Amino acid sequence: MSSHESSYVPGSAVEKWLDDRLPIIRWGKTHMMDFPTPKNLNYWWTFGAILAFMLVVQIITGIILAMHYTPQVDLAFNSVEHIRRDVNGGRIIQATHAVGASMFFAAVYIHMFRGLFFGSYKQPREVLWILGVLIFVLMVTTAFMGYVLPWGQMSYWAATVITEIVGAVPVVGNPILQLLRGGFGVDNATLNRFFSLHYLLPFVIAAVVALHIWALHVPGNNNPVGVEVKSSRDTVPFHPYYTLKDLFAIVVFCIPFAWFVFFLPDILGHADNYIMANSQVTPAHIVPEWYFLPFYAILRAIDFGILFLDSKLLGVLFFAGSIVVLFFVPWLDTSKVRSGSFRPIFKWFYGLFVVNFIMLAYLGASAADGVVLGISVADFSKICTAYYFAYFLVVLPLLGRFERTKPLPTSISEPVLAPAAAE
Amino acid sequence: MKMSKIILGALAMSALLGASPSFAAEAVAVKREPWTFAGIFGTYDRNQLQRGFQVFREVCASCHGANLMAFRNLAEPGGPEFSEAQVKALAAEYEIVDPAAEGGKRPGILADRWPGTGQSEADQVAAFGIVPPDFSVLAKARGTPQSFPWFILNYFPGTAYAEGGPDYIHALLTGYEEEVPADIKNADGTPFTLPEGKYFNEYFPGHAIGMPSPMTDGQVVYAAAEDGSTVPQTVDQYSRDVSAFMMWMAEPHLVARKQAGLQVMLFLVLFAGLLYAVKRRVWSKIEH
Chain A
3 MSSHESSYVP GSAVEKWLDD RLPIIRWGKT HMMDFPTPKN LNYWWTFGAI LAFMLVVQII
63 TGIILAMHYT PQVDLAFNSV EHIRRDVNGG RIIQATHAVG ASMFFAAVYI HMFRGLFFGS
123 YKQPREVLWI LGVLIFVLMV TTAFMGYVLP WGQMSYWAAT VITEIVGAVP VVGNPILQLL
183 RGGFGVDNAT LNRFFSLHYL LPFVIAAVVA LHIWALHVPG NNNPVGVEVK SSRDTVPFHP
243 YYTLKDLFAI VVFCIPFAWF VFFLPDILGH ADNYIMANSQ VTPAHIVPEW YFLPFYAILR
303 AIDFGILFLD SKLLGVLFFA GSIVVLFFVP WLDTSKVRSG SFRPIFKWFY GLFVVNFIML
363 AYLGASAADG VVLGISVADF SKICTAYYFA YFLVVLPLLG RFERTKPLPT SISEPVLAPA
423 AAE
Chain B
316 MKMSKIILGA LAMSALLGAS PSFAAEAVAV KREPWTFAGI FGTYDRNQLQ RGFQVFREVC
376 ASCHGANLMA FRNLAEPGGP EFSEAQVKAL AAEYEIVDPA AEGGKRPGIL ADRWPGTGQS
436 EADQVAAFGI VPPDFSVLAK ARGTPQSFPW FILNYFPGTA YAEGGPDYIH ALLTGYEEEV
496 PADIKNADGT PFTLPEGKYF NEYFPGHAIG MPSPMTDGQV VYAAAEDGST VPQTVDQYSR
556 DVSAFMMWMA EPHLVARKQA GLQVMLFLVL FAGLLYAVKR RVWSKIEH
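Line order of the protein sequences matches chains A and B. In this text, residue positions in the first sequence follow our numbering: the first is 3, and each later residue adds one. In this text, residue positions in the second sequence follow our numbering: the first is 316, and each later residue adds one.
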């Protein structure tokens with residue numbers, strides 16, 4: 003898979019025997035211990051390991067929850083409460099899974115924003131980035147279906163509103179919508195198939211994560227300087243240097259995680275989800291989980307049609323486009339310089355992009371007819387949506403042509419060993 | 316440099332996490348009460364829960380159910396902590412529908428759930444127009460609007476706020492007015508008029524609530540606590556007690572959860588410190 007030689011020497015006759023038949027220990031030594039990793043990775047790079055940890059946490063807690071959960075419309079809500087009240091350790095496992103979804107998304111957003119700043123998507127890591135976006139899409143789907151399972155008011159109405167998105171697609175939309183829901187409305191059939199898929203998709207994610215790590219191990223890590231590894235002087239073995247650093251980061255990440263699980267397990271959700279789903283009563287505001295809010299704001303921002311496209315279909319196109327555009331970032335960014343640290347103008351556009359994204363999240367949570375900072379939510383959402391797309395479709399392609407970048411160090415070791423020379 | 320990046324990361328994450336304020340339609344912000352179960356060391360006040368249970372049983376339970384609460388919960392640690400004998404006697408006062416029993420009914424036991432109001436849903440709809448909401452998790456199904464940007468403080472230690480439910484219930488129970496106040500207007504500026512059969516409540520979204528003010532001063536007679544202390548027998552006190560009781564009903568293991576949380580947090584902080592020391596030691600040989 004990668005070019006460097008394995009240093010593995012079987013330590014016993016049994017290991018030798020196994021190594022001749024299935025070199026799995028050799029593989030582990032090469033890829034999980036010896037793997038040469040740039041020595042200048044900062045803490046933003048630990049979120050890869052944190053995400054792997056979160057996937058394992060979600061799968062383990064999820065499997066236990068599935069042992070006690072009942073996917074039936076009359077019983078689902080109370081079965082979740084049964085887990086919280088009567089199952090041994092259930093309240094902690096359930097809270098870990100529910101808060102875990104939020105922590106997973108917090109980590110994935112940081113991981114993606116890190117990639118966007120340090121140009122981790124650029125040649126030769128395009129496939130690595132594309133697989134990452136694919137994982138994100140799978141995560142969004144999985145989380146959405148998982149949120150429906152407690153069968154509270156928000157579960158039900160989020161399922162109704164979000165599946166309707168599919169219905170906006172011309173011709174094939176309605177048949178797909180009915181297939182997705184298992185009927186004309188969100189009901190028991192929907193709950194059952196969402197439960198089934200919510201159990202399946204995490205394993206698909208795990209498989210794509212394996213590909214993602216494989217695609218990482220071919221070119222090796224990007225790094226904060228963005229200059230490729232030149233010699234072994236630039237790298238350290240993954241173990242013990244990064245195993246320890248990642249482990250430390252994971253434990254630090256668990257501190258806010260535990261804070262929410264034990265002290266504020268409900269604050270990241272919506273109070274209405276403690277009311278059992280009722281198709282006859284629409285909540286005052288249907289708000290998705292916080293991690294979907296930026297994309298929900300984009301969906302809502304499009305309240306106008308263009309030519310033959312009505313506002314609903316156009317909104318769906320923008321919504322889908324906001325994620326699809328990520329697949330093309332490696333080719334949209336024309337700058338030869340990877341790291342944002344050496345791109346003085348890019349830094350400003352990037353900073354604005356981050357603020358814009360957080361603003362979109364806030365707008366997604368606001369009432370559609372509200373006013374934020376003196377601007378109507380409708381107009382503010384349009385402005386933020388425009389910048390979201392402009393960043394990828396205008397700023398990144400043009401900046402690469404016009405921006406005067408700072409001189410790059412010749413190697414990773416140069417700024418490390420001679421900090422003065424880098425400036 | 317590194318430290319500043321960690322802080323930046325934490326800020327970025329909290330900003331992301333903090334981006335979900337809870338908005339409620341036309342809801343009025345309510346006053347925060349000093350609940351004993353708030354904060355990282357919060358515990359329920361046993362006497363208050365016992366009083367709250369009395370209010371629930373004598374006032375609320377005639378119309379509202381609590382189908383997730385079992386009699387045994389009332390004797391569990393961290394709750395009202397009635398003695399097992401008390402709860403057994405209490406359960407036996409109720410008739411539980413049980414097809415396996417002779418005659419289809421039997422006296423309640425510890426394992427039974429709260430038997431409900433004794434009225435069928437159809438009777439309730441006929442009497443009230445709706446089925447009055449079940450109380451089991453109601454305290455977590457209600458909240459109070461938080462203003463931008465201060466809602467962010469609700470997420471952090473020291474300023475954390477997770478008591479919007481009981482605060483809202485207390486405000487609601489004490490928020491009834493005989494007459495519609497003159498300063499209440501509709502969205503278009505016309506004076507607010509109460510629909511037929513509704514009651515004015517300052518804190519109910521839309522102000523017109525179907526439930527009449529359920530309590531009057533002196534309605535529930537409290538016994539003195541074991542240590543002889545007494546509390547006022549007023550609507551304000553009843554409402555406070557029953558709100559606390561409803562929070563317990565919604566979150567019966569809150570005390571155990573918070574105590575475990577303190578241990579987990581302490582462990583994580585110490586473990587992180589040790590790992591950092593080991594990591595530094597290992598990396599000290601590398602120029603980076």
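The beta carbon of each residue, even a glycine, is placed where N, CA and C say it ideally should be. Note that the coordinates shown come from a computational prediction; the quantities given were computed from them, not determined experimentally.
Using a Cβ distance threshold of 7 Å, A:I300 and A:T387 count as a contacting pair.
Counting along the chain, no alpha helix (DSSP H) covers B:F507, and no H or E run does either. The three-state secondary structure of A:N190, taken from DSSP, is helix. Looking at the DSSP output, B:A523 shares a beta bridge with B:F515. Under DSSP, A:T162 takes part in no beta bridge, so it has no partner.
Taken atom to atom, the span from the alpha-carbon of A:P226 to that of A:F120 is near 6 Å. Straight across, the Cα-Cα distance linking A:G342 with A:D371 is about 38 Å. B:E399: member of the alpha helix (DSSP H) spanning 399-407, first to last residue.
Chain A places a beta carbon closer than 7 Å to that of B:I601, counting this residue as a contact. Non-local beta-carbon contacts of A:N223 in its own chain, meaning distances under 8 Å to residues more than five positions away in sequence, involve T39, P40, L43, W47 in chain order.
In the structure shown, A:I65 adopts helical secondary structure according to DSSP, grouped into three states.
At a cut-off of 7 Å between beta carbons, A:Y276 contacts chain B. Interface flag for A:K124 against chain B is unset, since no Cβ pair is found closer than 7 Å. If one requires a minimum length of 4 residues, the alpha helix (DSSP H) runs lying completely within the stretch 234-312 of chain A are 245-265, 295-303, in chain order.
Around the beta-carbon of B:G419, fewer than 16 other beta-carbon atoms lie within 10 Å, marking it exposed. Within chain A, no residue has its CB atom less than 7 Å from the CB of B:L405, the nearest being about 19 Å off. Contacts with chain A at 7 Å (Cβ-Cβ) include B:L383.
By the Cβ-count criterion, A:I164 is buried, with 16 or more other Cβ atoms from all chains shown falling within 10 Å of its own Cβ.
The C-beta separation of B:L383 from A:R87 comes to about 7 Å, placing the pair in contact by the 8 Å criterion. For the pair B:R428 and B:A385, the CB atoms are nearer than the 7 Å cut-off.
Spanning the alpha carbons of A:L309 and A:A108 requires a straight line of approximately 38 Å. Judged by DSSP in its simplified three-state form, A:K349 adopts helix. Going by beta carbons, A:A363 and A:P296 fall inside the 7 Å limit. Under the Cβ criterion of 7 Å, B:A477 is counted among the residues facing chain A. In the DSSP assignment, the residues bridged to A:T39 are A:V238.
Chain order gives the chain B residues near A:P242 as V597, where near means a beta carbon separation below 7 Å.
Contact between the stretch 230-246 of chain A and the stretch 52-63 of chain A is absent: fewer than 3 CB-CB pairs across the two stretches fall below 8 Å.
Per the DSSP secondary-structure output, B:Y491 pairs in a beta bridge with B:N516. Under the Cβ distance rule, B:H568 counts among the residues neighbouring chain A, one pair being separated by less than 7 Å. Residues of chain B with a Cβ closer than 7 Å to the Cβ of A:F265 are, in chain order, I355, A475, K573, G576.
Excluding five sequence positions before and after B:P447, the CB atoms of its chain that fall closer than 6 Å to its own CB belong to C378, H379, given in chain order.
Between A:A279 and A:S234, the alpha-carbon positions lie close to 59 Å from each other. With respect to chain B, the C-beta atom of A:E83 has a partner C-beta closer than 7 Å. A:D268 counts as buried, since at least 16 other C-beta atoms from the protein chains shown sit within 10 angstroms of its C-beta.
Burial of A:G154 is indicated by the presence of at least 16 other C-beta atoms within 10 angstroms of its C-beta. Scanning chain A for C-beta atoms nearer than 8 Å to the C-beta of B:Y591 yields F250, reported in chain order.
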